[in-house]
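A.B. asks: In my numbering, the protein residues as written are 1326 to 1530. Glycine included, C-beta positions come from ideal geometry on N, C-alpha and C.
#1: If you pair each beta-carbon of the stretch 1426-1438 with each one of the stretch 1509-1528, do three or more pairs fall below 8 Å?
#2: Which of the three DSSP states, helix, strand or coil, is assigned to residue 1476?
#3: Under 8 Å: do the stretch 1364-1380 and the stretch 1398-1411 share three or more Cβ pairs, one atom per stretch?
#4: Work out the CA separation of residue 1380 and residue 1435 for me, nearest whole Å.
#5: Can you name, in chain order, every residue of its own chain whose Cβ lies under 7 Å from the Cβ of residue 1485, other than the five neighbours on each side?
#6: Whole angstroms is fine: what's the gap from residue 1441's alpha carbon to residue 1491's?
#7: Skipping 5 residues on each side, what residues in its chain have a beta carbon closer than 8 Å to that of residue 1526?
#8: How far does the alpha helix (DSSP H) with residue 1368 in it reach, from first residue to last?
#9: Does the structure place the stretch 1463-1481 close enough to the stretch 1386-1405 that three or more beta carbon pairs sit under 8 Å?
#10: Would residue 1515 and residue 1505 qualify as a contact pair, given that the criterion is a beta-carbon distance under 9 Å?
#11: Round the Cβ separation of residue 1469 and residue 1456 to the nearest angstrom and send it over; I've been treating them as touching at under 8 Å.
#12: So what does DSSP say about residue 1515, is it helix, strand or coil?
#13: Run through DSSP, which three-state label would residue 1408 get?
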């Protein structure tokens, strides 16, 4: 009886050891540079977001609206606010990440200023109001001194998927436009397309 109990205990210990070893070998993490291009699923990813933002802002700055604004306003740089960029695709797209990529690309040109969006402005205003009560007069931010936007950027992301068996073509179209807030004039309309051919090991759905 004692021998059987010891055998069972040995097998139990061995099973636990196998599970632990299996778990330790099941996950391996490799750190990558953020700019590394990796396509796993074929769907929209961080590389698409960054490259599309850079391409569209480059196109926008080749239009004359910013230079014309500065000529008409004694060299002042135009201020842009980002409105909604709607995701019309069937997949989840981190639109806020795309908007931040757009803002960064705009600022890198040195020819535009970017105004905080409504949600961010609400937090900033709360902080500014708190400063009126709790910060010294020399350091508190002044009220009613916000930068008003001159232009608003809005747009949408759409996609078409063509699937046959384990092969799929995904087509993305990103449409953006920039509008003068005072005159409602469209000063720039941009469009960028991405087309991907994906071959999967088995049918996805």
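C.D. replies: Put simply:
#1: no
#2: strand
#3: Touching, no, given that fewer than three Cβ pairs across the two stretches are closer than 8 Å.
#4: 16 Å
#5: 1496
#6: 44 Å
#7: The residues 1491, in chain order, have a CB closer than 8 Å to that of residue 1526 in the same chain once the five nearest residues on each side in sequence are set aside.
#8: Here residue 1368 belongs to no alpha helix (DSSP H), and DSSP marks it neither H nor E.
#9: yes
#10: It is not a contact, given that the beta carbons lie outside the stated cut-off.
#11: Incorrect: roughly 14 Å between the Cβ atoms, too far for contact.
#12: Reduced to three states, the DSSP call for residue 1515 is strand.
#13: Strand at residue 1408.
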